[in-house]
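Enquirer:
Residue numbers (the numbering used here): 17 to 322.
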């Protein structure tokens, strides 16, 4: 029996994620213990996993291979520019009214400069990855982050740290939308949502593991040693990417991305893996399926656009 086409991503997961975030500010404002704070962070993780990942998958599917980097740049920029604006507002509220409850009426409080550079920078880096390829920006971004973190470790003045935060934001802007676009390049639409979920598990899991590792190192050897450790791991990650990653968006002679799949470039290159039970569509098994919902009718092809 023929397999049914994958269900197009819809708004339901995003709506569920928004619902999970509703009690967050109440938990944080009146948290009597760290246990309540941890519970609030669990809900925040559910919110992120459902809302952000769903919007990423939907935009990757909508724009096609030629503008994935631009779409991810716009998506990530919107989010992190909002984080920067919220950080400015919460900092002002904390200074005027105290740490609780006023700042939590708007969101998380931390320095605004880093997410501002990170957010606005992605407007350029995402689209740039569509033209020059993904790998160079990923490797360069990780190297930039490692240098910035090393400068944080040796810096002693606020002015230097401010400049370093700008450099760190630029490095992060080079990496964030480009990695998401690379996942979209290699993942078949039938299992792209799962691929984005796995990617985000490992990427965002690094925040938790990195925080725990940095905390242990800081307790044992001091804060500079913890920052040096993070810088070294970031630089090592860049070297691994430089040695192991293949270009998922080959560059045409004119300088723009060719739009070809990774298996169509010159030289040997791995092809995306298709999980068991999912057959890559071919002209022989292509089938058109018509689905109707009330007064809206749409036609989906068995061979989704990649």
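Virtual Cβ for every residue (Gly too), placed ideally from N, Cα, C.
What residue from 82, 185, 42 has the CA that sits closest to residue 134's CA?
Expert: Closest option to residue 134, Cα to Cα, is 185.
Enquirer: Leaving out the 5 sequence neighbours to the left and right, which residues in its chain are closer than 6 Å to residue 157 when beta-carbon positions are compared?
Expert: For residue 157, where only same-chain residues beyond five positions count, the Cβ hits under 6 Å are 187, 190, 191.
Enquirer: Per the contact definition of three or more C-beta pairs closer than 8 Å, is the stretch 195 to 205 in contact with the stretch 66 to 84?
Expert: Because the criterion of three Cβ pairs below 8 Å is met, the stretch 66 to 84 and the stretch 195 to 205 touch.
Enquirer: Given that a residue counts as buried once 16 or more other Cβ atoms are within 10 Å of its Cβ, and exposed if not, what is residue 49?
Expert: Result: exposed.
Enquirer: Give the DSSP-derived three-state secondary structure of residue 307 in the structure shown.
Expert: The predicted model places residue 307 with a pLDDT of 39, which falls under 50 and marks its position as unreliable; any figure quoted below should be read in that light. Reduced to three states, the DSSP call for residue 307 is strand.
Enquirer: Output the distance between the C-alpha atoms of residue 109 and residue 99, rounded to the nearest integer angstrom.
Expert: Rounded to whole angstroms, residue 109 to residue 99 spans 15 Å at the Cα level.
Enquirer: Residue 52 lies in the alpha helix (DSSP H); which residues open and close that run?
Expert: Where residue 52 is concerned, the enclosing alpha helix (DSSP H) stretches over 50 to 63.
Enquirer: According to DSSP, is residue 330 part of a helix, a strand, or is it coil?
Expert: Given a span of 17 to 322 for the chain in the structure shown, any question on residue 330 remains unanswerable.
Enquirer: Whole-angstrom Cβ separation of residue 247 and residue 169, contact assumed at under 8 Å?
Expert: With 8 Å as the limit, residue 247 and residue 169 qualify as a contact, their Cβ atoms being about 6 Å apart.
Enquirer: Just to confirm my understanding: we take residue 124, look at its own chain, exclude 5 residues before and 5 after, and list those with CB closer than 8 Å. What are they?
Expert: Cβ neighbours of residue 124 beyond the five flanking positions: 99, 102, 103, 106.
Enquirer: Report the rounded CA-to-CA distance for residue 242 versus residue 231, giving the unit in angstroms.
Expert: Approximately 7 Å between the Cα atoms of the pair.
Enquirer: Taking the alpha-carbon positions, what's the residue 86 to residue 139 distance?
Expert: Taking the straight line joining both Cα atoms gives about 7 Å.
Enquirer: With 16 other CB atoms within 10 Å as the buried threshold, where does residue 145 fall?
Expert: Buried is the call here.
Enquirer: Go to residue 6, then tell me how far its alpha helix (DSSP H) extends in each direction, as first and last residue.
Expert: This structure gives no information on residue 6, because the portion of the chain shown stretches from 17 to 322.
Enquirer: Can you say whether residue 265 is buried or exposed, counting buried as having 16 or more other CB atoms within 10 angstroms of its CB?
Expert: Buried.
Enquirer: If you follow the alpha helix (DSSP H) that residue 205 is part of, which residue opens it and which one closes it?
Expert: Counting along the chain, residue 205 falls outside any alpha helix (DSSP H), and DSSP gives it neither H nor E.
Enquirer: On the CB-based measure, 16 or more other CB atoms within 10 Å of its CB, does residue 202 come out buried or exposed?
Expert: Buried is the call here.
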